[in-house]
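The block underneath contains the structure these notes are about, expressed in structure tokens.
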Amino acid sequence: MNDALRHIVQQMPKAELHIHIEGSLEPELIFALAQRNQIALAYESVDALRDAYAFSDLQSFLDVYYAGASVLCTEQDFYDMTQAYLLRAQADHVRHVEIFFDPQTHTARGVPFEVVIHGIDRALQDARRAYGISGGLILCFLRHLSEADAFATLEQALPHRDKFIGVGLDSSERDHPPEKFARVFAQCRKLGLHLVAHAGEEGPPAYIATALDVLQVERMDHGVRCLEDPALTARLAREQVPLTVCPLSNVKLRVVQRMADHNLPALLEAGLMVTLNSDDPAYFGGYLNDNFLAAFEALPLTLGDAHRLARNSFAAAFLDEPLRQSWLAQVDAFFAAQASGTPC
Ligand code: HPA
Ligand code: ZN
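Start counting at 1 in the sequence shown, then tack on 636, and there's your number in our numbering.
Dropping the structure here:
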């Protein structure tokens, strides 16, 4: 990648739509919070913890990720974690962010739901004022837990309905198909919540189809295995269902073996509405711009692809239409200024 393209990819305005806030907990903050809350960690040092970040698949990551999240206890802990992420996001020229959080990881340890959501929401409101970054929260149900547990979580969330915009589905994909949560998602749809789900990361393309048909999701998180099913790929392209693709995550969790093998160019070539995202940046080797740079470095991607990915990030966001159009115009103005040599 040449310096000009690198500069453009870094500086272009963008939205991030697939970031698990618990996955932004850096090892240093994990240790600081463990100390603050007098929690014993299974790792002796920051370096020893970081050394454990060698994953063989999704489950091997989730085991470490849930252990890391166990240091989060107070509203201030959730605030500090979210604030640290938003500072990194704004440095990457992220203008709008939709943040996943996993309440069951915390309520199962006795942390009240409101402690979790108040801490994350307060950091988001402060970042809106400080950096002008807009955002929303998406409550994810853990798919390895039961439907009853998801319903109980929704019940706890409802008094805070004004603080989240949608629901998602994450955690261990294999053997936990989307349809396990059909009734929960139907209820969330009735409540007017936006719907997304992880599907087609490790799980088969059939899970992408049921996430669409049974859960009626508006966006697919990952979805990269769709290319194994040409009819499904054609449908995703026809309906312009956004895929929130996470390149560094896919390499770290061995969904692909090397970045050079990533199917991102093929997804774009198929006409899909692809966005790039960081997933769990503290665990997978980088934030949003690191994902863009790693992908653009290893793959045959062009200036036109950068423009398309920046546009897609706002096109796929849960934004009011006038605001979406305003961001799309700002993306186009940014690229027009690059083309005419006017510094932005
Ligand atoms: N996949 C599924 N669940 C998750 C992930 C992921 O990449 N990150 C955090 N929870
Ligand atoms: Zn994810």
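Where a beta carbon is used, it is the ideal one built from N, C-alpha and C, also for glycine. Fair warning: this is a prediction, and the values are worked out from it, not measured in the lab.
Near the ligand HPA: residue i beta-carbon under 8 Å from a heavy atom
i                 : result
asparagine 737    : For the sequence presented, residue 737 should be read as phenylalanine rather than asparagine. No; taking the cut-off as 8 Å, the Cβ of phenylalanine 737 has no heavy atom of the ligand HPA nearer than that.
glutamate 614     : Here the chain covers residues 637 to 980 and nothing more, so residue 614 does not appear.
histidine 742     : no
histidine 830     : no
phenylalanine 697 : yes
serine 807        : yes
histidine 898     : no
aspartate 982     : Residue 982 lies beyond the range of the chain shown here (637 to 980); nothing can be said about it.
glycine 922       : no
Cβ-based burial, residue i [other Cβ within 10 Å; buried from 16]
i              : result
leucine 884    : buried
proline 866    : exposed
glutamine 740  : buried
serine 914     : buried
aspartate 693  : exposed
threonine 789  : buried
glutamate 680  : exposed
leucine 794    : exposed
asparagine 948 : buried
isoleucine 844 : buried
asparagine 886 : buried
Among the options, nearest to residue i - alpha-carbon criterion
i                 : options                           : result
tyrosine 702      : Ala684, Asp728 and Ala744         : Ala744
alanine 931       : Leu945, Ala918 and Asp916         : Leu945
isoleucine 735    : Arg724, Thr718 and Pro748         : Thr718
phenylalanine 971 : Met637, Val752 and His643         : His643
lysine 799        : Glu783, His830 and Phe821         : His830
alanine 847       : His943, Ala793, Pro878 and Pro814 : Pro814
leucine 775       : Thr938, Val820 and Gly746         : Val820
glutamine 695     : Lys816, His729 and Glu838         : Glu838
phenylalanine 737 : Gln974, Ala833 and Leu937         : Ala833
glycine 771       : Leu955, Leu939 and Ala975         : Leu955
Near the ligand ZN: residue i beta-carbon under 8 Å from a heavy atom
i             : result
serine 885    : yes
aspartate 849 : no
histidine 754 : no
cysteine 882  : yes
histidine 654 : yes
Straight-line Cα distance separating residue j from residue i
i             : j             : result
aspartate 968 : glutamine 647 : 13 Å
arginine 890  : aspartate 728 : 26 Å
Can we say the stretch 821-833 touches the stretch 850-862, given the rule of at least three CB pairs closer than 8 Å? yes
Examine the Cβ distances between the stretch 670-680 and the stretch 647-657 and report whether three or more of them are shorter than 8 Å. no
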